[in-house]
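> The structure that follows is given in the form of structure tokens.
Number of protein chains: 2
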Amino acid sequence: MLSELLLAEMSRLGAEDVLPLHRQLYEALRRAMLDGKLGAGERLPSSRDLAQDLRLSRNTVVAAINQLSVEGYLASRVGSGTYVSDNVPRTTPGRSPRNGHAQGVTAQADRLSSRGLALATQFSAAELEVQPFTPGIADFSAFPLTLWQRLQNKHWRMTYPDMLDYNDSGGYAPLRRAVADYLRVFRSVQLEADQVIITTGTQQSLELCARLLADHGDTVWVEDPAYWGAVKAFMATGLAIHPVAVDEQGINPSTADNTRTPRLIYVTPSHQYPTGAVMSLPRRHQLLATARAHDAWVLEDDYDSEYRFSGPPLSSLEGLDTDGRVFYMGTFSKVLYPGLKIGYLVVPKPLVAAFKQAHYDLNRPGQMPVQAALAEFIEMGHFTSALRRARQNYAERRKSLLDALEPVLHDSAPEGPSISGAEQGLHLCLRLPGGTDDRALAQRIAQHGLTVRPLSAYCLQRHDLRGLVVGYGYAPMAEIERCGPLLAQLVNNF
Amino acid sequence: MLSELLLAEMSRLGAEDVLPLHRQLYEALRRAMLDGKLGAGERLPSSRDLAQDLRLSRNTVVAAINQLSVEGYLASRVGSGTYVSDNVPRTTPGRSPRNGHAQGVTAQADRLSSRGLALATQFSAAELEVQPFTPGIADFSAFPLTLWQRLQNKHWRMTYPDMLDYNDSGGYAPLRRAVADYLRVFRSVQLEADQVIITTGTQQSLELCARLLADHGDTVWVEDPAYWGAVKAFMATGLAIHPVAVDEQGINPSTADNTRTPRLIYVTPSHQYPTGAVMSLPRRHQLLATARAHDAWVLEDDYDSEYRFSGPPLSSLEGLDTDGRVFYMGTFSKVLYPGLKIGYLVVPKPLVAAFKQAHYDLNRPGQMPVQAALAEFIEMGHFTSALRRARQNYAERRKSLLDALEPVLHDSAPEGPSISGAEQGLHLCLRLPGGTDDRALAQRIAQHGLTVRPLSAYCLQRHDLRGLVVGYGYAPMAEIERCGPLLAQLVNNF
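Line by line, the protein sequences are chains D and Z.
In terms of my numbering, the first sequence opens at residue 1 and continues consecutively.
In terms of my numbering, the second sequence opens at residue 1 and continues consecutively.
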């Protein structure tokens, strides 16, 4: 029954478009789910059975199922197969979003493009309550606002042509120099100021790389579990996503499917998001060698390297790279003030001119007065001193949270709770035993006015990870001291 | 010889990827040009001959050639066929950018993806000298900077959660209300505040629409001649571009190829960029009917409707639309201050939730303090009074420029020079006889310290338009009075 439906849809697709078989099957399955012919919770036949029924190779079936899992249409339960996910949007039956005539205003899903539907519904950021332990939120109460306002007022008096960014679309030149000086000293990035391109943040940096370096349909390797924002940027630019498992040393290229040749490899080596793993030096060399073997580009997202609490800092991947294949990116919005919306991308020299031109044409960059104020802020040393002050604050909060979580770790089970990723950044990962329903636990915790994220929510294809992603950047010390023991108690009683 | 080369490449492509024939031919021709096998200035066989040699339908050949023309690889000379354009970038021969192993740093073009190469080299904005008559540049000397600084300082004291835009990613709510009030009164847009999404400007608004409403390979109709920024946004999102000719009433849907079913139609009806044509009311109705017949979305870019100098204002297309298929967009950067980087997109109600979610996930919007300052600036009436003052200034400059150009129009030839598009906005179009080399004329003018743009540089497929796009927004009155007669003299003596 299902196989007949799929075969009919595939033969229609095969006639209409010229699509490879795994894409035809992907589309046929997706439409069956959108039309409700495959309902939420329904179990899919095994890939072996499906391959036999449809007379397709098993690889073809697996490719289609993997893509649907990555996009969130399908979910797997350990040991019991693959199911239609609960959050598949439903379209009006019988009408494909791509053709047919206007019939008045129909359901949203019906009017969006296929990619639009995926972009609007899959891997969406959760509603963000800003409360103790929300990850990804920092404390800006110590930001030197009066000084900032003075700098900003000064530079809002900017006149032509400085106010525009037409002739050198890498951004405001003094800011590019200031960023280059900072990265050279503190992050061992090897660069000249001209290689720095100022963007509105990591999303823009990622999209620029995806578009200029990869074509529609090319493969990007991403960490599993992954930072959703990056997954979304790659979906939006039409890349095929190949999740590669992360272990305690970071992404492990040995577990990747080497037939899925990467054009790009996206990594967060300093503090893997969300597990917090720091990529070891041998792993860094292995990753660069893998990239070289595939002639792939490496995108290094160094999103929170500013705060390191123990152990020696590892130099950036970019700093180890000998053949110019690493793009290094970071942002000021997470460190200084979210309203800034300023990030940076370091581009290998031979590609700088192309990136600058495309960045101008695609993004029409601007915000020059803010860029100028930030340049002066950094040059005058305020940035590094703000970081130094903040690091002390965060170190106290981190210690308080670790102390509070201590009782949770006293579990005698061999796979008992543990903490990863607390050496750096503003979040840690509390790992829990494999069977834990971490989503339910996070919901229970939310009922007590605390926000943590379930680790399983960041997983693309793996099913073995459970835990909580806990931020300590936002809440002041007194709050951490009050809420830390409550969090520990809620975890222990679950 | 050429046909053998193309057939070999196409058969390789046909085996490797699953591409429709016209895409195979497109790729084969493009690679021949990139590898230098088809050199700059070389003449292509006619589409009829090529179709015969390659045993393809003529439609297939024409589709491939059209796409290459739109992307700037090919150029046509009136009456003498199609040539390889002078600005095709060259790759190292024998190595495709998509495969092969690292061989050290090679030429840029060699390392970029196919779309990256197109994005970095085709339809790029020219270097922008800010001097008298540069189009697209306004005068911000009257911007009430002290007031603005006061508002901005106030709102940079913003705290959580207002500082973030996580829970309602349409932007800062009071700004959305202020924009909605303004558009309802001044632009007859029918909307509620919730339909307004704050973006960083028109590029971001266009990409959001292209991604959510159209899939890779879908067709967008654009005006010919066109606004480059929009063409680039559609190229970047993988759309196939179908240029539709503009006449004195704006885009003319009757001249479109209806077999190229549009998913999107992009228009600048208030003041077509660059010709300045104002879309007539019957044409507006015709366009909406065409969109309805194809079940296409209309993207209305109202980039400079703030300044209208004569005749009654026409209501927006959105205001005429009865079935919710128009997306309306504008920007504050062109009107108030380029450093702002704030624009807006009005989304039909049923799609608001999807657009807000995708906008948050893809673009991580921000700049909340600036959004808040702008909201108060508009609410307090400063925006409309700033527009009123500026309109008077610009009206004087416009009149001075028109007076100066008067002698140019005294040409007795039937196809002599004329002016279009001076009723609105900050530029006008000086139309010149068909044979004029407007690029050479613009270069001659640049030698005298004035910047105008050749009309032919905005053309996608047409070859009949010649003229100069002249801005009067930037230079103060005294400059216009000094430089206007010089411009007229340079045109007359050419």
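We put the CB at the ideal spot given by N, CA and C, even for glycine.
Indicate whether Z:Cys-459 and Z:Asp-257 have their beta-carbon atoms separated by less than 8 Å.
Not a contact, by the Cβ cut-off of 8 Å.
> Just to confirm my understanding: we take D:Arg-308, look at its own chain, exclude 5 residues before and 5 after, and list those with CB closer than 7 Å. What are they?
Contacts found: Glu-423 and Gln-424.
> Can you find a C-beta in chain D that's less than 8 Å from the C-beta of Z:Pro-253?
It does not; no Cβ of chain D falls within 8 Å.
> Would you call the stretch 232-241 of chain Z and the stretch 116-123 of chain Z in contact, with 3 or more CB pairs under 8 Å?
These segments touch.
> Based on Cα-Cα distance, which residue from D:Asp-304, D:Ser-254, D:Arg-260 and D:Pro-274 lies nearest to D:Leu-287?
Comparing Cα-Cα distances from D:Leu-287 to each of D:Asp-304, D:Ser-254, D:Arg-260 and D:Pro-274, the minimum goes to D:Ser-254.
> Could you name the residues of the same chain whose beta carbon sits closer than 8 Å to that of Z:Glu-201, not counting the 5 residues immediately before and after it, in chain order?
The amino acid occupying residue 201 of chain Z in the given sequence is Gly; Glu does not appear at that position. Hits under 8 Å: Thr-331, Ser-333, Lys-341, Ile-342 and Gly-343.
> Report the rounded CA-to-CA distance for Z:Tyr-182 versus Z:Ala-375, giving the unit in angstroms.
Cα-Cα distance, rounded: 11 Å.
> Could you give the C-beta distance for D:Leu-299 and D:Cys-209, rounded to a whole number, given that I count them as a contact under 8 Å?
Yes, they are in contact, since the Cβ atoms of D:Leu-299 and D:Cys-209 sit about 5 Å apart, within 8 Å.
> Three Cβ pairs or more, each shorter than 8 Å: is that satisfied between the stretch 427-441 of chain Z and the stretch 457-476 of chain Z?
Touching, per the Cβ criterion.
> Kindly list, in the order they appear in chain Z, the residues whose Cβ is closer than 8 Å to that of D:Ala-446.
By Cβ distance, chain Z contributes nothing, its closest Cβ being about 15 Å from D:Ala-446, past 8 Å.
> Which residue from D:Tyr-360, D:Thr-275, D:Tyr-266 and D:His-359 puts its Cα closest to that of D:Arg-325?
For D:Arg-325, the nearest C-alpha among the options comes from D:Tyr-266.
> Quick one: Cα of Z:Met-477 to Cα of Z:Glu-396, how far?
Each residue's alpha carbon lies about 7 Å from the other.
> What's the gap between the Cα of D:Gln-203 and the Cα of D:Ala-353?
Approximately 20 Å, taken between the alpha carbons.
> Out of D:Thr-384, D:Ser-3 and D:Asp-301, point me to the one whose CA is closest to D:Leu-56's CA.
Comparing Cα-Cα distances from D:Leu-56 to each of D:Thr-384, D:Ser-3 and D:Asp-301, the minimum goes to D:Ser-3.
> Let me know the alpha helix (DSSP H) ranges lying completely inside the stretch 220-272 of chain Z, each 4 residues or longer, listed in chain order.
Entirely contained in the stretch 220-272 of chain Z, the alpha helix (DSSP H) runs reaching 4 residues are, in chain order, 228-236.
> Would DSSP call Z:Thr-199 helix, strand or coil?
Strand at Z:Thr-199.
> Name the residues in the stretch 204-216 of chain Z whose C-beta lies less than 7 Å from a C-beta of chain D; which are they?
Hits within the stretch, in order: Arg-211, Leu-212, Leu-213, Ala-214, Asp-215 and His-216.
> Suppose you measure from the CA of Z:His-101 to the CA of D:Ala-293; what does that come to, to the nearest Å?
Low confidence applies here, because Z:His-101 scores a pLDDT of 28, under 50, leaving its location unreliable; read the following figure in that light. Roughly 7 Å between the two C-alpha positions.
> Is it buried or exposed for D:Asn-66, if we count other Cβ within 10 angstroms and need 16 for buried?
Flag for D:Asn-66 reads buried.
> Please compile the residues from chain Z whose C-beta is within a distance smaller than 7 Å of the C-beta of D:Ser-270.
Ordered by position in chain Z, no residue passes the 7 Å Cβ test against D:Ser-270, which lies about 20 Å from the chain.
> How about D:Leu-145 and Z:Trp-228: are their beta carbons less than 8 Å apart?
For D:Leu-145 and Z:Trp-228, no; Cβs fall outside 8 Å.
> Could you give the distance in angstroms between the alpha-carbon of D:Ile-480 and the alpha-carbon of Z:Leu-351?
Approximately 40 Å, taken between the alpha carbons.
> Can you tell me the Cα-Cα spacing of Z:Ser-205 and D:Ala-386, whole angstroms?
Between Z:Ser-205 and D:Ala-386, the C-alpha separation is close to 35 Å.
> Have a look at Z:Phe-355, Z:Leu-175 and Z:Thr-261 and flag the residue whose alpha-carbon is nearest the alpha-carbon of Z:Leu-239.
That would be Z:Thr-261, whose Cα lies nearest to the Cα of Z:Leu-239.
> So is D:Gly-229 in contact with chain Z if we call contact Cβ pairs under 8 Å?
By this cut-off, D:Gly-229 is an interface position.
> Under the rule that 16 or more other beta-carbon atoms within 10 Å means buried, what is D:Met-380, buried or exposed?
So D:Met-380 ends up on the exposed side.
> Going by the DSSP bridge assignment, what does D:Trp-148 pair with across the sheet?
Bridge partners of D:Trp-148: none, in fact.
> Check whether the Cβ of D:Ser-333 lies closer than 8 Å to any Cβ atom in chain Z.
Judged by the 8 Å Cβ criterion, D:Ser-333 is in contact with chain Z.
> Using a cut-off of 8 Å between C-beta atoms, extract the partners of Z:Trp-221 located in chain D.
Under the 8 Å cutoff, chain D gives no residues; its nearest Cβ is about 16 Å from Z:Trp-221.
> For Z:Glu-300, which three-state DSSP category applies?
Note: Z:Glu-300 maps to strand in three-state DSSP.
> For Z:Pro-476, which residues in chain D fall below 9 Å Cβ to Cβ?
Going along chain D, no residue has its Cβ under 9 Å from Z:Pro-476, so there is no contact; the nearest lies around 12 Å.
> Sort out for me which residues DSSP pairs D:Tyr-344 with in a bridge.
Answer is D:Ile-198 and D:Gly-330, bridged to D:Tyr-344.
> What residue does the beta strand (DSSP E) around Z:Thr-82 start on, and which one ends it?
Z:Thr-82 -> beta strand (DSSP E) spans 81-84.
> Using the beta-carbon count (16 or more within 10 Å), is Z:Gly-416 buried or exposed?
With fewer than 16 Cβ atoms within 10 Å of its Cβ, Z:Gly-416 is classed as exposed.
> With a Cβ-Cβ cutoff of 8 Å, do D:Leu-314 and D:Leu-281 count as a contact?
Closer than 8 Å, so yes.
> Name the chain Z residues that come within less than 8 Å of D:Pro-132, Cβ to Cβ?
Chain Z residues near D:Pro-132: none, gap ~12 Å exceeds 8 Å.
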